[in-house]
Amino acid sequence: MHYIHPKTKKYCTSLIDVLETCADFQPDTLAFRFLLDKGRNPKSLTYRNLDQRARAIAALLQERKVKKGDRVILLYPPGLELIEAFHGCIYAGAIAVLVYPPANPKLVERLQAIIENAGAKILLSTDDIIKKFRQLKWLKFITHLPLLKHFTQPYFAKQIPFTRWDFEKLTLVTTNDIALETARDWHPVAIAADHLAFLQYTSGSTGIPKGVMISHKNLLHNLSITREAFGLTDESIVVSWLPPYHDMGLIGGILQPLFSGIPCTLMSPFHFLHKPVEWLKAISDFKGIVSGGPNFAYRYCAEKISEPDKEELDLRSWSLAFNGAEPIHAETLEKFYRAFAVCGFKKKAFYCCYGLAEATLFVSGNMPEQGYKVIYVDNDALNKHKVIIVDQHDTHSKSLVSSGYVFQEVRIVNPHTRKECEDFEVGEIWIHSASVAQGYWQLSEATQATFHVHIQGDESHKPYLRTGDLGFIYKDNLYISGRLKDLIIVHGVNHYPQDIEHSVNESHQSIRIGQSAAFSIEMDEEEHLGIVCEVQPDVDEKTYPAIFSAIQRAVAKNNRLSTNIIALLPAKSLPKTTSGKVKRGLCRDSLLDGTLVTLAIWKLAK
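Quick note: the sequence shown, position 139, residue 134 per this note's numbering, numbers continuous.
Quick look at the structure:
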């Protein structure tokens, strides 16, 4: 399958074709700019620079005997080095695996699980990170020597958790000092459209990450429909703070500008979280046209950016402010508009969209510069998977923001009968298109159950992707009403309840192991974390504050989440099915309506 490059009109079958075409057509044009602290001394890459760096890194990989289809771990902080290494993998025909630098023991566990699943033998990173890993290698050695471990392990107790991954089995390679002259040593690799470009790891329901297999065809198809949906032109300018380790940051913030041949200004997500005004300042300074993030980013800006800071912002150029990756709230959009209309932000710039890694990224979105649509439905009916449109002021009304028009084939299916739903009926969102990934790496059963399902009575026998998301289509617009799965999404990041429950179980000896539930609760226009757990029958109530504190610390440390409400329950009171599975939805609902039997409740102070 071929895709026409939007700027050069040349046929492309892989990301190699895309970058080579850009490097030939506009070699000295700015491709990427990365802002350092306070936007000072930004680093930049032209298409020629990126092409040459990619060739040099690919040549290094080939020298290291990396073959087509081998997996390569890319462990970089956000920045241009990561983009270069990613394309170096692509040029070598390797499969890129982007991972967070392991800043805490939980990320170390995740990294180890990814290394084991991917079967990677080589890791690319920066000089600084490689040096730290070599120090850890020595630390791991001396803390496991029989004669020394009794002395060294207590002394290095805080560092030891960071050694619990198999870096000694990997070839560690820095890309900082690769000479550009080595680019000529690169041997071009024939890449078919179905060849895998990278593995996008998500957290599995058991806590084991699952690698979504994204091919070049998947990427080019999704980049093509996204460009069409966004209405991108040669004059478009992208600004992104999004983490490059996730699909929205990598594909939306890096590969989409490259595919479209348009400049992109990047900044670290940590920089944004520390000082959110810097995101809007980058849009203002560089006349950004396309930029966005999850719903929380807009609320965060509206609440954290001061009036004096607003005086420096000019947001008139920002014509497409996309919002996706977590539930979208009309109240948040309105709050952001009221806060930044004075800076020239236009309400019609909001672009609400829906997507997921298993469909590469983008699935649906509204028309550019048309604003967002909101409908009101009867909440009681919605809980029963029925759609009844009501007035905004109806007692039981619930607002839903449209996720726009679909750009892939979408069916709404009853997840139990697997028959297509009727109009005004909520069902699971199923997708069929060239953007749907090949499956999960080395997980054939999960791949079959998720990527190769069929609609009952559908004579085409097409395979569909089960998204796990619930929704419906009304007047050609897709509306997301909830999640079939128990996935918890906070600040655009997916969290599986089993992982959080594991942290709860291990946090305090008074908690009954396996008798807890984690779920999301909508509060103040955002998704927050709620937890309920049983405690041992002989626990004194004076211990409750210590239990609450232990749970908060464990979840913050292991899952990087703050908890908004915790309830302690008496033994054998946790709602379960007859087969012993925890009913998380019922836990949440009964906690909120007061019918859950509790011993004590803690709530985060506002």
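For glycine and all other residues, C-beta sits at the position ideal for the given N, C-alpha and C.
Identity of the residues DSSP links to residue i by a beta bridge
i      : result
Gln195 : Val207
Phe357 : Gly350
Gly422 : Gly466
Phe345 : Ala316
Glu404 : His427
Arg461 : Trp425
Ala595 : Leu563
Lys381 : Glu420
Glu415 : Val408
His490 : Ile483
Ser39  : Arg28
Ser286 : Ala316
Member of the options whose CA lies at the smallest distance from the CA of residue i
i      : options                        : result
Gly366 : Phe345, Glu58, His380          : Phe345
Cys347 : Glu353, Gly339, Val358         : Val358
Trp160 : Lys299, Gly248, Glu111         : Glu111
Ala292 : Phe267, Lys282, Gly283, Glu302 : Phe267
Glu307 : Gly319, Ala320, Glu326, Leu275 : Leu275
Pro322 : Ala98, Gln148, Glu520          : Glu520
Leu119 : Gly83, Thr169, Pro97           : Thr169
Pro674 : Val382, His82, Pro73           : Nothing can be reported for residue 674, as the shown portion of the chain is limited to -4 through 601.
Glu420 : Phe543, Ile468, Glu76          : Ile468
Gly466 : Thr158, Thr355, Ile508, Val401 : Val401
Leu377 : Met362, Lys393, Glu364, His388 : Lys393
Ala673 : Pro156, Asn290, Thr355, Glu104 : Summary: the structure shown does not reach residue 673, with the chain confined to residues -4 through 601, and so no result is reported for it.
Pro100 : Ile596, Gly399, Lys552         : Lys552
Gly487 : Gly288, Glu76, Asn500, Lys381  : Gly288
Phe281 : Arg294, Val234, Tyr295, Cys296 : Val234
Lys368 : Lys5, Gly399, Lys379           : Gly399
Ile526 : Phe543, Met518, Arg478, Thr538 : Phe543
Ser439 : Lys144, Lys62, Lys205, His182  : Lys205
Leu56  : Lys480, Pro183, Lys598         : Pro183
Asp122 : Lys343, Asn171, Gly319         : Asn171
Residue i vs residue j beta-carbon contact at 8 Å
i      : j      : result
Val530 : Ile560 : no
Ile278 : Trp313 : yes
Ala562 : Pro532 : no
Ile186 : Ala51  : no
Ser397 : Tyr332 : no
Ile424 : Thr462 : yes
Val13  : Phe254 : yes
Ala87  : Ala53  : yes
Ile203 : Leu167 : no
Ser515 : Glu522 : yes
Tyr42  : Ala18  : yes
Leu175 : Gln47  : yes
Ala115 : Arg59  : no
Leu524 : Ala513 : yes
Tyr459 : Ile426 : yes
Met243 : Leu102 : no
Val448 : Ala352 : no
Phe162 : Phe136 : no
Glu76  : Ala49  : no
Gly248 : Leu261 : yes
Ala354 : Lys330 : no
Thr3   : Phe20  : yes
Ala98  : Leu69  : no
Residue i Cβ short of 7 Å to the ligand MG heavy atom set
i      : result
Pro258 : Questions concerning the ligand MG fall outside what the structure shown contains, since it holds no ligand whatsoever.
Where the beta strand (DSSP E) containing residue i begins and where it ends
i      : result
Asp373 : 369 to 373
Cys259 : 259 to 262
Ile484 : 483 to 485
Cys61  : Cys is not the amino acid found at residue 61; the sequence shown has Val there. Element bounds for Val61: n/a, residue is neither H nor E.
Ser394 : 392 to 396
Arg618 : No information on residue 618 is available, as it lies outside the stretch -4 to 601 that the chain covers here.
Ser235 : 233 to 235
Leu175 : Note, Leu175: premise wrong, no beta strand (DSSP E); not H, not E.
Ala26  : 25 to 30
Ile475 : 472 to 478
Where the alpha helix (DSSP H) through residue i begins and ends
i      : result
Leu44  : In the sequence on display, residue 44 carries Asn and not Leu. Unbroken alpha helix (DSSP H) run through Asn44: 42 to 58.
Tyr240 : First-last for Tyr240: undefined, no H or E at that position.
Lys299 : 290 to 299
Thr166 : Unbroken run through Thr166 is the beta strand (DSSP E), 166 to 169; no alpha helix (DSSP H).
Gly580 : 579 to 588
Leu10  : 10 to 20
Min CB distance residue i to chain B below 8 Å
i      : result
Ala113 : Structure shown: chain B not included; a single protein chain is present.
Self-check item: Contiguous alpha helix (DSSP H) assignments of at least 4 residues, all confined to the segment 503 to 566
Solution: 539 to 554
Quiz prompt | Minimum length 3: unbroken beta strand (DSSP E) runs contained in the segment 64 to 122 | solution = 66 to 70, 90 to 94, 117 to 120
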